[in-house]
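Anchor point for the sequence shown: position 252 equals 252 in the UniProt record's numbering, and the numbering is continuous, going up by one each time. In this text, a Cβ means the ideal position worked out from N, Cα and C, and glycines have one as well. In what follows, a single structure is set out as structure tokens and then discussed.
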Amino acid sequence: MGALDARRKDAGDGRVERVRQRANWMRRRSLQMIYEAGQGHPGGDLSATDVLAALYFGVMRFDPAKPTAPDRDRFIMSKGHCTGALYTALAGAGFFPEAELTTYLQPNSRLNGHPNRTYLPGVETNTGPLGHGLPVAVGVAIAGQVDKADYRTFVLTGDGELQEGSMWEAAMLAGHRKLGNLTAIIDRNRLQQGARTEDTNALEPLADKWRAFGWEVVEIDGHDPAALLSVLDAPATPRDRPRCVIANTIKGYGISFMQDQAGWHHGVPNAEQYAQAQAELTSAKDHA
């Protein structure tokens with residue numbers, strides 16, 4: 001067993017509670033970052049947080065002291081505008097000091113509005129323009145297949161992002177190459193900037209579309225740590241198919257006035273809203 005495998009084993013049976021606690025902290029901390037910076041994308045951050053918490057605190061193999069170790073699992077944040085969720089995950093996992101989160105979106109900060117691999121350890125590739133993450137992840141997974149490496153590649157995409165044609169070109173190639181080492185997770189919150197996905201450019205029947213491209217498809221509650229850990233841990237069945245996890249989520253999850261509201265795709269709460277939001281997130285933590 002290598003050092004990276006030992007990290008996963010140490011998480012033990014307490015992984016569900018550990019992921020739940022880290023997700024609660026990530027939600028509160030990312031909202032603080034947005035409030036203090038005066039800009040950000042709280043809706044998508046909050047829908048994606050549980051997925052990232054499951055990956056970084058329960059599933060993936062990595063060593064933050066060796067962020068480019070060849071045998072690390074790879075994660076690509078295709079919905080690159082949701083940096084509040086990504087940066088809190090990376091800081092919580094030890095890739096950079098948590099105190100640095102206070103520099104979010106400030107001049108000369110490494111914590112840009114979109115992740116930059118040149119500046120920040122743990123970022124596998126730059127993302128921001130939508131539709132690029134899955135194509136890159138397919139390339140990374142093909143490299144692992146060619147090298148007969150045992151690392152896994154995970155990519156998180158928004159559902160509105162699936163309206164980009166490049167995503168389906170990549171999905172087709174992944175099925176053709178039988179990339180059993182690739183897992184694509186869809187943050188299926190059913191909202192995009194300004195409207196619902198189904199009113200903008202409908203995606204359903206979404207699962208059937210992925211299956212048609214040769215993927216195994218699993219649908220789960222994207223806010224259930226136990227379900228996320230179970231699905232993301234397991235290899236694809238059969239092993240020569242890429243896996244698509246449709247994680248049904250709620251945009252703005254955890255904050256009553258943000259939940260399922262397209263207007264919070266981006267935006268900043270005022271002082272009263274911020275206090276209410278932190279109180280609700282803290283209460284959720286206390287009752288988890």
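- Here the alpha carbon of residue 244 sits roughly 39 Å from the alpha carbon of residue 271.
- For residue 149, there is no enclosing alpha helix (DSSP H), as DSSP gives it neither H nor E.
- Straight-line spacing of the CA atoms in residue 80 and residue 118 works out to 15 Å.
- Listed in chain order, the beta strand (DSSP E) runs fully inside the region 51-103 are 74-77, counting runs of at least 3 residues.
- Residue ranges of uninterrupted alpha helix (DSSP H) with 4 or more members, entirely inside the region 162-249 and ordered along the chain, are 165-176, 197-200, 206-212 and 225-233.
- Contact between residue 57 and residue 73 is absent: CB atoms are separated by about 13 Å, not below the 8 Å threshold.
- Taking the C-beta atoms as reference points, residue 180 is found nearer than 8 Å to residue 239.
- Pairing residue 203 with residue 260 gives a Cβ-Cβ distance that is not under 8 Å.
- The alpha-carbon separation between residue 172 and residue 100 amounts to approximately 40 Å.
- Residue pairing by DSSP places residue 158 opposite 187 in a beta bridge.
- Look at residue 24 here: in three-state DSSP terms it is helix.
- The three-state secondary structure of residue 124, taken from DSSP, is coil.
- The Cβ neighbour count for residue 129, taken over all protein chains shown within 10 Å, is under 16; the residue is labelled exposed.
- Non-local beta-carbon contacts of residue 41 in its own chain, meaning distances under 6 Å to residues more than five positions away in sequence, involve 81, 82 and 266 in chain order.
- In terms of Cα proximity to residue 224, the closest of 114, 254, 31 and 121 is 254.
- Apart from the 5 residues on each side of it in sequence, residue 226 sits with its Cβ closer than 7 Å to the Cβ of 16 in its chain, given in chain order.
- The alpha-carbon of residue 140 is positioned some 42 Å away from that of residue 276.
- Taking the CA atoms as reference points, residue 154 sits about 9 Å from residue 232.
- The three-state secondary structure of residue 45, taken from DSSP, is helix.
- Around the C-beta of residue 212, fewer than 16 other C-beta atoms lie within 10 Å, and the residue is accordingly described as exposed.
- Less than 8 Å divides the Cβ of residue 127 from the Cβ of residue 77.
- Collapsing the DSSP output to three states places residue 278 in a helix.
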